[in-house]
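*Asks:* First to last, the protein sequences are chains A and G.
Reminder that position 31 of the first sequence reads as 31 in the working numbering, one-by-one numbering, no gaps.
If you count the second sequence from 1, you need to add 143 to reach the working numbering.
Glycine included, every Cβ here is placed at the ideal spot set by N, Cα and C.
Fair warning: this is a prediction, and the values are worked out from it, not measured in the lab.
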Amino acid sequence: MIVCVAVVGHQNNPLYLQSFTEADDALKLHHIVHCSLDVIDERVNNPKRSAPTLNETFLGLLYPTENYKVYGYLTNTKVKFIMVTTDLDVKDADARNFFRKFHAAYVDAVSNPFHVPGKKIASRSFGARVSTIVKSFGSGTTG
Amino acid sequence: MANYLAQFQTIKSSCDRIVIAVEDVSDLWLNVKESFEQRVPVKKAGLNNKARNPVFVENLPAEFIQTTDSRLRSRFPQEQYLFWFREPYATVVLVTCEDLDEFKTILKPRLKLIVQNDEREWFIVFVSKAHPSNDQATKMAKRVYARLEADFNTKKRERCCKFDLHGSDAEFWDDFDSKMVDCIRNTLDRRVQFYEEEIRRLSEQRFTPIWNFCNFFILKESLAFMFEMSNLHEDSLREYDELELCYSESVNSPGKHREFGGLDKGDDQAALLNPGLKSLTQIVQDDVFREFEFRQYIFACQAKLLFKLSRPIEVAARGHSFVVGFSKTLALHENSLPFCFREVWVITACLGLIKSTTSHYGGVVAIDSEKEFYRLQGDLYSLCRVKFMRLAYLIGYGVEIEKSPVNSASLSMLPWPKPATWPSIPPDSSAEVMEKEKMVLQAKSREKLFNIHRKPLPLEPSLLLREANRRRAFLSVGNLSELYDSADGSGLDANSKLPPSRSSSNFMTRTMSGPATSETSLPVDRPMRLSEIHVAAEHALKQTISDPDFMTSLSSVKEFEKRYMELTKGAADNYHRSWWKRHGVVLDGEIAALFFKHGNYDLAVKSYEKVCALYSAEGWEELLADVLPDLAECQKILNDEAGYLASCVKLLSLDSGLFSSKERQAFQSEVVRLAHSEMKHPVPLDVSSLITFAGNAGPPLELCDGDPGTLSVAVWSGFPDDITLESLSLRLSASSSADEGIKAIKSSDSHVLAPGRNTISFDIPPQQPGSYVLGALTGQIGKLSFRSHGFSQDGPVGTDEFMSFEKPTRPVLKVRKPRALVDITPAVSSALLMNELQWIGLIVKPIDYSLKGGILHIDAGAELKIEESQMIEIENYRSDMEHVGAARSSTEAGRVEKILIENGKIKLPDWASDVTTLVWFPVRAIDGTIARGESPASPQKQSIVDGMRMIALKLEFGVFHNQVFERTIAVHFTNPFHVSTRVVDKCNDGTLLLQVILSSEVKATLHVKDVRLDLQSGFEHLGKGDGRPASNLFPLVIAPSSRAGILFIIRLSGTKDVDEEENTDSMLNIKYGISGDRTTGAHSPVPVNPGESEELSFKIALRLKRPVLDPCLAVGFLPFSTDCLRVGQLVNMKWRVERLKTPEDASISGNEILYQVDANPQNWMVAGRKCGHVSLSNEQGSRMEIMVTCVPLVSGYVHPPQLGLPEVGEANISCNPAGPHLVCVLPPALSTSYCIPAA
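#1: Hey, could you find the ends of the beta strand (DSSP E) G:Trp265 is sitting in?
#2: Does the region 534-544 of chain G come into contact with the region 581-593 of chain G, if we say contact requires no fewer than three beta-carbon pairs (one atom in each stretch) closer than 8 Å?
#3: Roughly how many angstroms lie between the CA atoms of G:Phe337 and G:Leu366, to the nearest whole one?
#4: For the beta strand (DSSP E) that contains G:Val1180, what are its first and last residues?
#5: So G:Val1300 packs on G:Val1309, CB below 8 Å; how close in whole Å?
#6: Can you tell me which of the three DSSP states G:His894 falls into?
#7: Which same chain residues end up closer than 7 Å to A:His30 when comparing Cβ atoms and leaving out the 5 residues on each side of it in sequence?
#8: Kindly say whether A:Tyr68, judged by its beta-carbon, lies nearer than 9 Å to any beta-carbon of chain G.
#9: So that I know if they touch, is there some Cβ in chain A lying closer than 9 Å to that of G:Ile163?
#10: State the start and end residues of the unbroken alpha helix (DSSP H) segment that holds G:Met1330.
#11: Let me see if you follow: with CB-CB separation under 9 Å, is A:Leu61 close to chain G or not?
#12: Could you have a look at G:Gly1166 and say whether DSSP puts it in helix, strand or coil?
#13: Contact criterion: CB-CB distance below 9 Å. Does A:Asn112 meet it with respect to chain G?
#14: Within the same chain, show all residues whose beta-carbon is closer than 7 Å to that of A:Ala105, passing over the 5 residues directly before and after it, in chain order.
#15: May I ask you to verify whether the region 227-236 of chain G touches the region 326-342 of chain G, counting CB pairs closer than 8 Å and requiring at least 3?
#16: From the beta carbon of G:Lys514, is the nearest beta carbon of chain A less than 9 Å away?
#17: Leaving out five residues on either side along the sequence, give the residues of the same chain with a beta carbon under 6 Å from the beta carbon of G:Glu918.
#18: If you count every other CB in all the chains shown that lies within 10 Å of the CB of G:Tyr1340, and 16 or more means buried, which is it?
#19: Counting only C-beta atoms, is A:Gln18 closer than 9 Å to chain G at any point?
#20: Could you check which residue in G:Leu985, G:Leu494, G:Ile1044 has the C-alpha nearest to that of G:Gly1224?
#21: Less than 9 Å between the beta carbons of G:Ile888 and G:Val858, yes or no?
#22: By the 8 Å beta-carbon criterion, what residues does the region 20-35 of chain A contribute toward chain G?
#23: By alpha-carbon positions, which one of G:Trp265, G:Pro197, G:Phe739, G:Asp848 ends up nearest to G:Val162?
#24: Over what stretch of residues does the beta strand (DSSP E) that includes G:Trp1307 continue unbroken?
#25: Helix or strand or just coil, what does DSSP make of A:Cys4?
#26: Chain A beta carbons: is any one of them nearer than 9 Å to that of G:Met577?
#27: For chain A, check one thing: does any of its Cβ atoms lie closer than 9 Å to the Cβ of G:Ala552?
#28: Where G:Gly1004 and G:Val1062 are concerned, what is the direct C-alpha to C-alpha distance, given to the nearest angstrom?
#29: Based on Cα-Cα distance, which residue from G:Ile1296, G:Phe246, G:Val1229, G:Pro1343 lies nearest to G:Leu1261?
#30: Between the C-alpha atoms of G:Glu1328 and G:Pro1363, what's the straight-line distance to the nearest angstrom?
#31: Closest to G:Pro570 by C-alpha separation, out of G:His682, G:Lys299, G:Glu364, would be which residue?
#32: Nearest CA to the CA of G:Glu486: which residue from G:Leu473, G:Ile497, G:Asn478?
#33: Contact criterion: CB-CB distance below 9 Å. Does A:Asp89 meet it with respect to chain G?
#34: Would you check if the region 171-182 of chain G and the region 237-250 of chain G touch, i.e. whether three or more CB-CB distances between them fall below 8 Å?
#35: Mind listing, in chain order, the continuous beta strand (DSSP E) runs of no fewer than 3 residues lying wholly within the region 301-378 of chain G?
#36: Can you tell me whether G:Thr711 is helix, strand or coil according to DSSP?
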């Protein structure tokens, strides 16, 4: 189950963060997303060690923790997409696919002329679209 | 084969280096032993690795053992193969012989026997006992050795070397070493090949029933061990890696149930780094190793090799993933393991890894690796920390754990331990239960500052109370409601009442919990209370944990916190040294929370500040809102007013959705309270994030140079309520330069900022030209001065925008470069009348600038007077071009306003502020002198400057009369007429016809109405004598720039008074009128009194001179006598002088006339007298000739000599005919006197 998806701007500022847990504990997900930026920074700053994935937007698994997994995706404009899932058995292809859809939704959202670049995404339709993508990921239909 | 395992273990432990056998044929070993043993370990050995690539190994450990030694004897051949790695790798045959015969007969056959075994790698060391001084013996030894070489060396390989007992040389030892290494290498290669073949053979059987992992393991480890002995650690490591892989595959294969292990005492302490902790025989069962021990064993072997290879970083990396992976494996077997075994194992494993890797870590690695190492250390620490917190939570220290996002993230997603059955309360533990209950009850959630109430973040994946009781297995679900009623309710809320979905898929089997229930002392029907769960867990942990130190750290809250601090600090410090700064800082926050709890506010503030800075820099407001109140509280306690204020401001500036309005009001009242209190160290407060400002949309305010203005600025207040400011001022900065070089501009508005947008206007004093952007907003709340750099583009500050304090690029104010704002030019182009009241027109033309309220100062210069009694006329001005278009439409075209001039000042009317106007004002140019006419006798030149008058103009305009325009204009004044006279005719009777010519000087029509000439003495009018002209033609109209002549008949009067003649002038009085346009030039004067006649009079003085006499002498140049002049030829110059009339004056009378001949001495030589007197009679018509002889000296056109009469004025001489200017002088004629005839 995806518990959280987030969009983080190029200055590492949160642009969008949606948790999908029932409990009122979004703050801990903020923390997880925020800390996972460390991993992204490390990968971006040390291209040597991740040479094969240098030109790849999908960053793969960021966190090998016991209880949840964090996947990352980095666009050309240094906007990061982060997904936290409690599924411990996620195929890379699925995650990749999820991010591709997520990215497309993001692009549509920021193409809105009323959206101010660099500001939080407040679009409701974006939220709805993300929810759909998240649900479809959970159900395993990854187009 | 499994029974060999024990043997294998013993062999492995007893043998740790390569064995080199010594075959001591001639009983020499004792003699050479010492020097031989100095050669080991072998300094440098070239071996082949598994891939048959040459590798140099340093310090290869080896041992010399005699073949007669018991260790090398009595082995069964089968054993030998199996444990081949311990067999000698080389055989050194020690021989000596001093006699050839003996060698041939005895030694050689014996040696042949020894070396015939192909399996051995051997070489012969011939020991020469001969002393170097003993030549005979030396020679013999050499001969025997030569024989030996011939017999045992082959073409391919030399197997002999010679050792001198007395004085061995370095050459021998090199030879010896290389031969020994050759042998070792060959043996090693052969054995590797053997083991590989065996392993391959065994691998082929892997999926057959006869497959036995144990055998495979022995072979594989033998090979690995052999590599390790040979210092080929890389190869050894690879073998272990392969072994691990193979094991994972075999252990995961479905089949018979295997024991997992981990049930022995002390198993809770991870044996990750100690391969020898348990013997392998202990952990083998049915030819399969128990997973728990074996995996740790393999890892330990790998770690050992990696440390030998100096790769502690890899140990840490492998260790971390091993711990995480193995923890999962432990979770699968959790129901068979002791309570919380998994957590305890992870903690000990992490601590062990940290300890050993840190001690092996040298720190001399690339920066990337170093960062990676510290990151791994941090990971290990934080993994350890999480598990430790989980244990602490289980035994009731949960109330002491900070419910922070980081703890929640790690604990709430970590499932509870899943023992087969939850531990039960031991008997006689009511006291402990009471104590725990007390602890839980006493711990109340800390009251946060500002009455901020937040639901604490969960630290448990599901409610512990429910989980524990459910796992006791005998409780029916129906009892749960009863449970909640009786529970103390800590941590109970609506959300966690939802049944935990995750725990439903556990490995618990109810049948397995059967025995556990019988042990419990509780009545079966009652669920445990939370405190009882804690006590039970503590007791169970005591059973699980074998390390007393570990248990101590869980024995009390104090001990727990000590260990917790240790782990958190360890993690934070290591993360700080890695790339993962955020992890480090976040953990700093946890440290701060503990410091805070214990009253170490100084340290807490420092850490909290770091955390806040991190969150705030990247705009993570939700997280910031969680930690910032704590920082504020610390600062408040520490009396750090500045910091506290800054924190309050920050709290206010966070997204308003993060705090309730009540909380925000509390922040504001705190700020206001402090601002009005006596602060010890008032510090300027930065409120950039709270109060932001922006220029108004649209184009910037544009001001002309020197103008003040009013700039209105939108100020957004982030305060939840109105806030009263003591003052508010704004700084502008020039967009060209970075510094804020302008002093603050105060606002004149009232100083109450309402929440949201306020429009404040600032009065701007005159600024330097340039464009300006908003600089900073400063002001005061109470006694506190604040400053804001927060710019907002449009609308209130965005939640993530306050991070970037970029200077706005859009200028709000533009001050133009100085330019002409108005132009004043005179409206008249031609001269005005002198001494009359004339209108001067000024065209006042504003150039895109309002002249509203402008005051025009007119300062007439000398000899010019402004008639202040007259009204000034102001009218619309339209140039010719404008007339065409505007004539039809404009109704105001002819607007004229009359205003008064006071002290030379005119106030421009408002309607005239934006249009070009024409200002007419009357002036009178004063010229005291009387104009003079021009006559041939007294020619005079009139300078244009005479009629020039200057008017200094100064226009003050602009809002504050700050703009000044100054100009001096010149206006030309003139008399109406220019008068000249001439005598037209001189009659015989002495009458003179005097013509007076009046030429108009102005561009206006003049009407001459009357002219009267008052003659000076010496002249008189003929006729009527009233001084009127001869004919009456008046009025005489003179068009502009035309002339008219008036004839007077006068004659000379008899009286002759020299004085009078000198000093008096004739006076011409002209009465005239003028009709002209003031826009063109001269016009009829402004009537000072109404009804005054428009007749003007003009007086002009004329000087008449009595007629001058005619010339009295005439000089004529007579033609030359010859046709041409030649150089050197004498020529006579002749002049004729004739008296034209009899001289009247005695002064010029006389018979003699002085003459003088002027000639250029370079051109002429005068042969006669140059000057002299000639007599000429005074009678009219008398004449005479003057002749001078000259010689021309140069040829060409030259000036001839001139005759001058110095005593007679030139005016009295008439030259008739005039003398030639130039004469032609030819070169001298050729002289033939010296020439010889050609023929």
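*Replies:* To lay it out plainly:
#1: Mapped onto the second sequence, residue 265 of chain G falls at position 122. Here the beta strand (DSSP E) through G:Trp265 covers 265-271.
#2: yes
#3: Locating residue 337 of chain G in the second sequence gives position 194, counting from the first residue. Locating residue 366 of chain G in the second sequence gives position 223, counting from the first residue. If you take the alpha carbons of G:Phe337 and G:Leu366, they lie about 10 Å apart.
#4: Locating residue 1180 of chain G in the second sequence gives position 1037, counting from the first residue. It spans 1179-1181 - the beta strand (DSSP E) in which G:Val1180 sits, taken as one unbroken run.
#5: Position 1157 of the second sequence, counted from the first residue, corresponds to residue 1300 of chain G. Position 1166 of the second sequence, counted from the first residue, corresponds to residue 1309 of chain G. Yes, they are in contact, since the Cβ atoms of G:Val1300 and G:Val1309 sit about 6 Å apart, within 8 Å.
#6: As a first step, residue 894 of chain G is located in the second sequence; it is residue number 751 there, counting from the start. Residue state, collapsed to three classes: coil.
#7: Here residue 30 of chain A corresponds to residue number 30 of the first sequence, with the count starting at 1. Cβ within range, chain order: Leu17.
#8: Stepping through the first sequence from its first residue, residue 68 of chain A is reached at position 68. Chain G, which has a Cβ nearer than 9 Å to the Cβ of A:Tyr68, makes this yes.
#9: Counting from 1 along the second sequence, the entry for residue 163 of chain G is found at position 20. G:Ile163 does not count as touching chain A.
#10: As a first step, residue 1330 of chain G is located in the second sequence; it is residue number 1187 there, counting from the start. That residue, G:Met1330, is in no alpha helix (DSSP H); its beta strand (DSSP E) goes 1326-1335.
#11: Counting from one through the first sequence, the residue named residue 61 of chain A turns up at place 61. Answer no: the Cβ-Cβ gap between A:Leu61 and chain G never drops below 9 Å.
#12: Walking along the second sequence from the start, residue 1166 of chain G turns up at place 1023. The answer is coil: DSSP assigns G:Gly1166 none of H, G, I, E or B.
#13: Position 112 of the first sequence, counting from 1, holds the residue named residue 112 of chain A. Taking Cβ atoms only, chain G never reaches closer than 9 Å to A:Asn112, which makes this a no.
#14: Counted from its first residue, the first sequence places residue 105 of chain A at position 105. Within the same chain, A:Ala105 has close Cβ partners Phe126, Arg129, Val130, Ile133.
#15: yes
#16: Looking up residue 514 of chain G in the second sequence gives position 371. Yes - at least one Cβ of chain A is within 9 Å of the one on G:Lys514.
#17: As a working mapping, residue 918 of chain G is identified with position 775 in the second sequence. Before going further, note that residue 918 of chain G is Gly rather than Glu in the sequence given. So the list reads Arg874, Leu875, Ser876, Glu883, once near-sequence residues are dropped.
#18: The residue labelled residue 1340 of chain G in the question sits at position 1197 within the second sequence. G:Tyr1340 comes out exposed.
#19: Residue 18 of chain A sits at position 18 when you count from the first residue of the first sequence. Chain G contact via Cβ: absent.
#20: Here residue 1224 of chain G corresponds to residue number 1081 of the second sequence, with the count starting at 1. For G:Gly1224, the nearest C-alpha among the options comes from G:Leu985.
#21: Working through the second sequence from its first residue, we reach residue 888 of chain G at position 745. Working through the second sequence from its first residue, we reach residue 858 of chain G at position 715. Going by C-beta atoms, G:Ile888 is not nearer than 9 Å to G:Val858.
#22: Glu22, Ala23, Asp24, Asp25, Ala26, Leu27, Lys28, Leu29, His30, His31, Ile32, His34, Cys35
#23: To locate residue 162 of chain G, count along the second sequence from 1; it is residue 19. That would be G:Trp265, whose Cα lies nearest to the Cα of G:Val162.
#24: Here residue 1307 of chain G corresponds to residue number 1164 of the second sequence, with the count starting at 1. Here the beta strand (DSSP E) through G:Trp1307 covers 1307-1309.
#25: For the purposes of this step, residue 4 of chain A is identified with residue 4 of the first sequence, where counting begins at 1. Strand at A:Cys4.
#26: Here residue 577 of chain G refers to the residue found at position 434 of the second sequence. Cβ-Cβ to chain A under 9 Å: no for G:Met577.
#27: Walking along the second sequence from the start, residue 552 of chain G turns up at place 409. Yes, contact with chain A.
#28: Working through the second sequence from its first residue, we reach residue 1004 of chain G at position 861. Working through the second sequence from its first residue, we reach residue 1062 of chain G at position 919. Their Cα atoms are separated by approximately 18 Å.
#29: Here residue 1261 of chain G is taken as the residue at index 1118 of the second sequence, counted from 1. The candidate whose alpha carbon is nearest that of G:Leu1261 is G:Pro1343.
#30: As a first step, residue 1328 of chain G must be located in the second sequence, where it is residue number 1185. As a first step, residue 1363 of chain G must be located in the second sequence, where it is residue number 1220. Spanning the two alpha carbons is a distance of roughly 17 Å.
#31: The residue you call residue 570 of chain G lines up with position 427 of the second sequence. The option with the nearest alpha carbon to G:Pro570 is G:His682.
#32: For the purposes of this step, residue 486 of chain G is taken as the residue at position 343 of the second sequence. Checking every option, the nearest Cα to that of G:Glu486 belongs to G:Leu473.
#33: In the first sequence, counting from the first residue as 1, residue 89 of chain A sits at position 89. Answer no: the Cβ-Cβ gap between A:Asp89 and chain G never drops below 9 Å.
#34: yes
#35: 303-307
#36: Looking up residue 711 of chain G in the second sequence gives position 568. Reduced to three states, the DSSP call for G:Thr711 is helix.
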